[in-house]
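In this note's numbering, the protein residues as written are 8 to 283.
We treat Cβ as the ideally placed atom computed from N, Cα and C, and that holds for glycine.
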Amino acid sequence: MNDAKRLFSFVFCLFGVAICLMPVAQNARATENNGWFSVPHGAFHWQLQGEIAVDPASIAVIGADLDETTALQVAKWRKAGLYPVCYINVGALEDWRDDYHQFPTDVVGNAYWGWDGEYWLDIAHYERFADIMTARFDRCRQKGFLAVEPDNIDGYEADQSNRTTGFKLTREDQVRYVEWLIDLAHDRGLAIGQKNASELVDDLVDRMDFALLESAFRLGFMDEFDPYIAQGKPVFAVEYFEEGADPALFCPAARKHGFQGVIAGLELDQTPQNCP
8 MNDAKRLFSF VFCLFGVAIC LMPVAQNARA TENNGWFSVP HGAFHWQLQG
58 EIAVDPASIA VIGADLDETT ALQVAKWRKA GLYPVCYINV GALEDWRDDY
108 HQFPTDVVGN AYWGWDGEYW LDIAHYERFA DIMTARFDRC RQKGFLAVEP
158 DNIDGYEADQ SNRTTGFKLT REDQVRYVEW LIDLAHDRGL AIGQKNASEL
208 VDDLVDRMDF ALLESAFRLG FMDEFDPYIA QGKPVFAVEY FEEGADPALF
258 CPAARKHGFQ GVIAGLELDQ TPQNCP
């Protein structure tokens, strides 16, 4: 692409994004200290596969997979006033992703227990695949997403168990990588959230924009994410039907913490149920 075409594309992109942001501003507040739209508090539709149908009147935030979602779909959501969040697996690699073979073989580790075709990444040496991850974040932005959900930022915890990554990752490795991911998102005008990894809250809460928890009620780590609410940042707490989620027990606990409670299927292939 020559310089003239590149400049035209950049200007056109900025113009298009400005138009697309207008409906979202009704639900999201842009602060003076950042260049991205904050994630709104409200009902969360989290679905990473299958046909997604949402009612804009009852949903504020929608989480969808980068590769499974088209730019046209994201544009429709934003026009309806929804806040779209882009799912990216940053800590493990799935063999069905189009960019799977771009990763150096020596950064692909042990199989991720319980998920066929998924393997841990050597995030201690993320520089080896930084350009590939950067391209994923760029695609989120280009498709019109407003935030990123970075999955599997807890590889170092796996190395403290019997389900190891194969790389002997440390907490320091994990924090360094996540700090880089935060910069990657914010430099592109994208919000970014903390996904699980409760031991990292103190390190990340000041810079992350929201939190997304899985099975926190069942496993007893909801308290650790109260600092997000104290800073006015939303927390979406998800429990799973297959793990015995009981709305009568979970929903009051979520409300007590100020979290948006969600009950979903483990495959995230169907419409979730939000707590009232």
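Nearest to residue i (by Cα), restricted to the options the options
i: Ala223; options: Asp210, Ile236, Lys202 and Leu211; result: Lys202
i: Ala118; options: Phe217, Gln109, Asp166 and Glu249; result: Asp166
i: Gly272; options: Gly265, Phe248 and Pro254; result: Phe248
i: Thr5; options: Glu134, Asp194, Glu179 and Asp129; result: This structure cannot settle anything about residue 5, because the visible part of the chain is limited to 8 through 283.
i: Gln56; options: Glu274, Pro283 and Cys282; result: Glu274
i: Ser3; options: Gln54, Cys147, Asp230 and Pro63; result: Summary: the structure shown does not reach residue 3, with the chain confined to residues 8 through 283, and so no result is reported for it.
i: Pro283; options: Gly265, Gln277 and Asp276; result: Gly265
i: Met140; options: Asp253, Ala99, Gln277 and Val81; result: Ala99
i: Arg195; options: Asp180, Thr112 and Ala142; result: Ala142
i: Trp43; options: Gly200, Pro254 and Ala252; result: Gly200
i: Gly276; options: Ile59, Ser45 and Gln80; result: The sequence as given places Asp at residue 276; Gly does not occur at that position. Looking at the Cα atoms, Ile59 is the closest of the given residues.
i: Leu79; options: Thr278, Ala255, Cys147 and Pro259; result: Cys147
i: Val46; options: Ala255, Ala252 and Ile236; result: Ile236
i: Ala131; options: Asp138, His108, Phe174 and Asp106; result: Phe174
i: Leu220; options: Asp180, Asp161 and Gln238; result: Asp161
i: Glu179; options: Phe110, Asp138 and Tyr163; result: Tyr163
i: Gly239; options: Val212, Asp253, Asn169 and Ile66; result: Val212
Inter-residue CB distance, residue i and residue j (contact presumed, cutoff 8 Å)
i: Pro234; j: Val269; result: The Cβ separation is near 20 Å, so there is no contact.
i: Gln267; j: Pro241; result: 6 Å
i: Leu191; j: Phe243; result: Contact doesn't hold; Cβ gap of about 21 Å is too wide.
i: Tyr90; j: Val68; result: 5 Å
i: Ile189; j: Arg225; result: Ile189 to Arg225, Cβ: 28 Å. No contact.
i: Ala198; j: Asp216; result: 4 Å
i: Ala218; j: Phe232; result: 5 Å
i: Phe257; j: Glu250; result: Actually they are not in contact, since the Cβ atoms of Phe257 and Glu250 sit about 11 Å apart, beyond 8 Å.
i: Arg135; j: Val114; result: 5 Å
i: Gln109; j: Thr278; result: Their Cβ separation, rounded to whole angstroms, is 34 Å, which puts Gln109 and Thr278 out of contact at 8 Å.
Endpoints, beta strand (DSSP E) assigned at residue i
i: Ile95; result: Tyr90 to Asn96
i: Ala156; result: Note on residue identity: the sequence assigns Glu, not Ala, to residue 156. Its beta strand (DSSP E) spans residues Ala154 to Asp158.
i: Gln80; result: Where Gln80 is concerned, there is no enclosing beta strand (DSSP E), although the alpha helix (DSSP H) it sits in stretches over Ala78 to Lys86.
i: Val46; result: Premise fails: Val46 is in no beta strand (DSSP E) and is neither H nor E.
i: Val61; result: It is not in any beta strand (DSSP E) - Val61 carries neither H nor E in the DSSP assignment.
i: Gln267; result: Gln267 to Ala271
i: Leu73; result: No beta strand (DSSP E) holds Leu73; DSSP gives it neither H nor E.
i: Ala99; result: Ala99 to Glu101
Residue i: CB within 8 Å of a non-hydrogen atom of the ligand FAD
i: Arg148; result: With respect to the ligand FAD, the structure shown offers nothing to examine, as it has no ligands at all.
Within-9 Å CB hit, residue i to chain C
i: Glu134; result: In the structure shown, chain C cannot be found, because there is only a single protein chain.
_Across the segment 39-59 and the segment 111-123, are there enough close Cβ pairs to call them in contact, namely three or more that are closer than 8 Å?_
Result no; under three Cβ-Cβ pairs closer than 8 Å.
*Using 8 Å as the threshold, is the segment 142-153 in touch with the segment 76-89, meaning 3 or more CB pairs across them?*
yes
*asked:* Does the structure place the segment 169-186 close enough to the segment 68-82 that three or more beta carbon pairs sit under 8 Å?
replied: no
_To test your reading of the DSSP string, which unbroken alpha helix (DSSP H) runs of 4 or more residues are found completely within the segment 225-253?_
233-237
_I want to know whether the segment 154-173 touches the segment 88-105 - three or more CB-CB distances under 8 Å._
yes
*Please specify which runs of the beta strand (DSSP E), each continuous and at least 3 residues long, are wholly inside the segment 109-176, giving them in chain order.*
115-118, 125-128 and 154-158
*What are the complete beta strand (DSSP E) segments, minimum 3 residues, inside the segment 177-220?*
Listed in chain order, they are 198-202.
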